[in-house]
Amino acid sequence: ISVADSLAALDRLFKADVDPARVAAIIVEPVQGEGGFYEAPREFMTALRKICDQHGMLLIADEVQTGFARTGKMFAMDHHEVAPDITTMAKSLAGGFPLAAVTGRAEIMDAPNPGGLGGTYGGSPIGVAAAHAVLDVIEEEKLCDRANTLGNRLKQRLQSIRDDTPEIVDIRGPGFMNAVEFNDVNKGLPSAEIANAIRLKALDKGLILLTCGVYGNVIRFLAPITIQDGVMNEALDILESSIREARAG
């Protein structure tokens, strides 16, 4: 689906189904998570920002999976040079410790009454301390650069496998937020069966893989950015052998 198709669909929505004046906000993942790890093009994000400004909507970025160096920048929206009005974050915020946060422009964040913003994982002193430590580690260990290095290693290995694996139809994702998509070469259709077979082969060898995408035919990679090189190499070897064994039946 092209940027033009997406924007045209949004335009039709506003003309046929909902008055844009009644829409408070548009929420978007800069990189789709469960949807298959598709990265939104910069052109789309820029257009979305203009649409929100035109109609008085807020642009909310869901950075729960993409935030904190995962995509090679502190936040995925940084790739687009587009500023959201509100950003949601969690997961890597505290290195796995339960903590979530909502940030945004001052006039928006100051609008609710005291106690109007909150949640189960908000405000834990231990979680906040963990988040401070995470921010220090990201800066001191240059984890944005590390994410790009690890992502390139993974994609290079997948590309070498792809050379003789026609079932692989796409390798994508920014930084160390990557995915590989599989099709049935005989039918030319998405194949959840191949992806699941690879997942099970890898699990038998001690490597946990998760699938995603509309058809369940995408394997996603969200390993820790702090992963040791030796562990990374072992994981890549298991991944390659699992793909080859699944193909062989």
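In terms of the working numbering, the sequence shown is residues 697 to 945. Just so it is clear, CB atoms sit at the ideal spot from N, CA and C, and this is done for glycine as well. Since we're looking at a predicted model, the values are computed, not measured.
Quick check: what's the CA-CA separation for residue i versus residue j?
| i | j | result |
| --- | --- | --- |
| residue 848 | residue 872 | 8 angstroms |
| residue 878 | residue 853 | 16 angstroms |
| residue 903 | residue 923 | 14 angstroms |
| residue 713 | residue 938 | 47 angstroms |
| residue 834 | residue 790 | 11 angstroms |
| residue 908 | residue 874 | 12 angstroms |
| residue 905 | residue 865 | 18 angstroms |
| residue 836 | residue 846 | 17 angstroms |
| residue 885 | residue 862 | 12 angstroms |
| residue 730 | residue 786 | 16 angstroms |
| residue 700 | residue 743 | 10 angstroms |
| residue 869 | residue 733 | 6 angstroms |
| residue 795 | residue 758 | 15 angstroms |
| residue 828 | residue 819 | 13 angstroms |
| residue 888 | residue 894 | 10 angstroms |
| residue 788 | residue 831 | 10 angstroms |
| residue 704 | residue 722 | 16 angstroms |
| residue 808 | residue 754 | 15 angstroms |
| residue 745 | residue 710 | 16 angstroms |
| residue 777 | residue 945 | 46 angstroms |
Should residue i go down as buried or exposed, given a rule of 16 or more other Cβ atoms within 10 Å for buried?
| i | result |
| --- | --- |
| residue 910 | exposed |
| residue 899 | exposed |
| residue 926 | exposed |
| residue 855 | exposed |
| residue 792 | exposed |
| residue 736 | buried |
| residue 766 | buried |
Can you name the residues that DSSP bridges to residue i?
| i | result |
| --- | --- |
| residue 724 | 757 |
| residue 735 | 727 |
Problem set entry | Those runs of the beta strand (DSSP E) which lie wholly inside the stretch 851–889 and span at least 3 residues | 864–868, 874–880
For this session: Would you list, in sequence order, the uninterrupted beta strand (DSSP E) runs of no fewer than 3 residues that lie entirely inside the stretch 894–935?
Result: Secondary structure within the stretch 894–935: the beta strand (DSSP E) runs of 3 or more consecutive residues, fully enclosed, are 906–908, 914–917 (chain order).
Exercise. Below 8 angstroms, can you find three or more Cβ-Cβ pairs linking the stretch 732–752 to the stretch 716–723?
Worked result: yes
Exercise. Counting Cβ pairs closer than 8 angstroms, one from the stretch 761–772 and one from the stretch 798–813, do we hit at least three?
Worked result: no
Problem set entry | Whole runs of the alpha helix (DSSP H) within the stretch 757–805, excluding any shorter than 4 residues | 802–805
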